[in-house]
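S.K.:
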Amino acid sequence: MRLVALTTLLATIPARAFRPAPLNILRRNMSLHSSTKETLLSCPTISLYDNTPHPSIGFGTYKVGFIPASSSSAVASSAPTTVERTAEECVADALSVGYRFLECAEFYGNESEVGKAIQSSGVPREDLFICSKVWTTTIEKGPKAIRAQLEKTLSDLGTDYVDLYLIHWPVPGKHVEAYKTLEVLQAEGKVKNIGLSNYAVEDYQELFEQGVNVKPAVNQIEINPFLYRKNTIEFFKSEGVVLQSYRSLRDGKAFDDPTVVKIAETHGKSSAQILGRWCVQKGCVYVPKSVKKERMIENSQVFDFELSDGEMEELDALSTKDAFATFEGLYRKCVNRDTSKDGSMDGVKMEITID
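If you count the sequence shown from 1, you need to add 3 to reach the numbering used here.
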């Protein structure tokens, strides 16, 4: 009876429902993938101060396949706490799409998975630009711990060097010593370039006040139209320090903003592409992330159009005083995050350039 019922049911369904996707659609999708890969493989670069070419777009791996235990303490309580896919799967997709700059970190807890994706991708090491960051807990422990962590990072990623190694947060009383350790590691050839993350102007100045010898190549900070710290960005650019942008897309939380939507409609682009293009036109390294391959492709399509001066100004104006205040609070909270001084203001700079 069940077989007869099933046969009867199938007979009522149009034959076209079982047909594969039309060949023209398959070709279009293949063409889109191919075009995206070509664009990413030949993407513009930004020269570091030693003339090393830094890809202007990369794939971020934060919360990709793994969510760090303390991440929810620094962001909204509504942040997701589960993962959809493994980091290996996501990074494999990113590499297949054409991303060649991978942004990693000790804190992200997924470098071994990233390494597996790299090894199985077949992409030659010399074609990749790999960045990692050393976390606050390791920074607090000192030089030996930092050296040991770099060795672990190299082992996990399956490489004998990283192109860029950063201090993740300027831990009070510890970050200068940590940076000097990075100088030594660079001299040994295990790190090609060294730099900073989440540094305020005053943290950067402290490095030189305490006698560092190597200029940081980059500073990775949050950069998007809703937190446009113009004075900070201009300061680091004047110092020859390249800005890497994280939260370039604000975790998707601004895609419905009326200004962004209006500009997107004008260009026939998505909100993500408008935010990404804004970042590119500011001369910053754009580091989107996604666990969905189609989004990886979408996020990368920012090199085939240009925003007008007026549109850039409209987007610039989206930063508010409240946004700067929120940033300042997050900075104060995070410089001691996960260390023995977590939750305290011990050593925290209370006067920094926030805009």
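Idealized CB from N, CA, C, for every residue including glycine. A quick note: this is a predicted structure, and the numbers were derived from the prediction, not measured.
Ordered along the chain, which non-local residues of its own chain (more than five positions away) have a Cβ less than 6 angstroms from that of I355?
M.R.: Contacts found: A203, E205.
S.K.: Quick one: what's N222 bridged to in DSSP?
M.R.: Answer is L199, L246.
S.K.: Going by the beta-carbon positions, is the gap between Y52 and A220 smaller than 8 angstroms?
M.R.: Yes, the pair counts as a contact, with Cβ atoms nearer than the cut-off.
S.K.: Where does K177 sit, in a helix, a strand or coil, going by DSSP?
M.R.: If DSSP states are grouped into helix, strand and coil, K177 belongs with coil.
S.K.: Under the DSSP definition of a beta bridge, which residues are partnered with H57?
M.R.: DSSP lists I49 as partners of H57.
S.K.: In the DSSP assignment, find the beta strand (DSSP E) that holds F132 and state where it starts and stops.
M.R.: 132–137 is the span of the beta strand (DSSP E), which, as asked, contains F132.
S.K.: Measuring CB to CB, does K240 end up less than 8 angstroms from D358?
M.R.: No, Cβ-Cβ distance for K240 and D358 is not below 8 angstroms.
S.K.: Taking the CB atoms as reference points, tell me whether A90 and E109 lie closer together than 8 angstroms.
M.R.: Cβ atoms of A90 and E109: not closer than 8 angstroms.
S.K.: Can you give me the C-alpha to C-alpha distance between S75 and G346, rounded to a whole angstrom?
M.R.: Unreliable positioning characterises S75 in this predicted model, as indicated by a pLDDT of 44, which lies under 50. A coordinate reading is not provided.
S.K.: Return yes when the Cβ of V137 is within less than 8 angstroms of the Cβ of T342, no when it is not.
M.R.: Contact: no.
S.K.: Beta strand (DSSP E) containing Y168: first to last residue?
M.R.: Start and end: 165–170.
S.K.: Between K66, T55, D325, which lies nearest to S293 when the distance is taken from Cα to Cα?
M.R.: Comparing Cα positions, the closest option is K66.
S.K.: Looking only at its own chain, which residues have a Cβ that is under 6 angstroms from the Cβ of A79, when we skip the five neighbours before and after it?
M.R.: Because the pLDDT at A79 is just 45, under 50, the model does not fix this residue reliably, and the point stays unresolved.
S.K.: Of the residues L230, D325, I197, T48, which one's Cα is nearest the Cα of E186?
M.R.: With distances taken between Cα atoms, E186 lies closest to I197.
S.K.: On the DSSP bridge assignment, give the partners of N227 in chain order.
M.R.: L230.
S.K.: On a CA-only basis, which of E297, K296, E301 is nearest R280? Give me that one, please.
M.R.: For the residues E297, K296, E301, the minimum Cα distance to R280 belongs to E301.
S.K.: Among the candidates A148, D96, N113, whose CA atom is the shortest distance from the CA of G125?
M.R.: That would be D96, whose Cα lies nearest to the Cα of G125.
S.K.: Which ranges would you report for the beta strand (DSSP E) in the segment 272–353 if only whole runs of at least 3 residues count?
M.R.: None, since the segment 272–353 contains no complete beta strand (DSSP E) of that length.
S.K.: Determine the DSSP secondary structure at R30, reduced to helix, strand or coil.
M.R.: Note that R30 scores a pLDDT of 46, beneath 50, so its modelled location is shaky and nothing firm can be said.
S.K.: Thinking C-alpha only, which one of D325, A326, A275 is nearest V305?
M.R.: Taking only the C-alpha atoms, the option nearest V305 is A275.
S.K.: If we ignore side chains and look at the alpha-carbon of each, how far apart do A170 and V215 end up?
M.R.: What sits at residue 170 in the sequence shown is Ile, not Ala. For I170 and V215, the distance between alpha carbons rounds to 14 angstroms.
S.K.: List the residues that DSSP assigns as beta-bridge partners of L105.
M.R.: Beta-bridge pairing links L105 to F62, I133.
S.K.: Looking only at its chain, what residues have a beta carbon closer than 6 angstroms to the beta carbon of E225, apart from the 5 residues adjacent to it on each side?
M.R.: For E225, where only same-chain residues beyond five positions count, the Cβ hits under 6 angstroms are Y249, R250.
S.K.: Under 8 angstroms by Cβ, that's how I've got L157 and K193 pegged, so tell me the actual separation to the nearest angstrom.
M.R.: Rounded, the Cβ-Cβ distance is 7 angstroms, consistent with contact.
S.K.: Can you tell me whether V117 is helix, strand or coil according to DSSP?
M.R.: Residue state, collapsed to three classes: helix.
S.K.: Using the beta-carbon count (16 or more within 10 Å), is N32 buried or exposed?
M.R.: Annotation note: pLDDT 47 at N32 (below 50); position unreliable, coordinate value reported separately. Under this definition N32 is an exposed residue.
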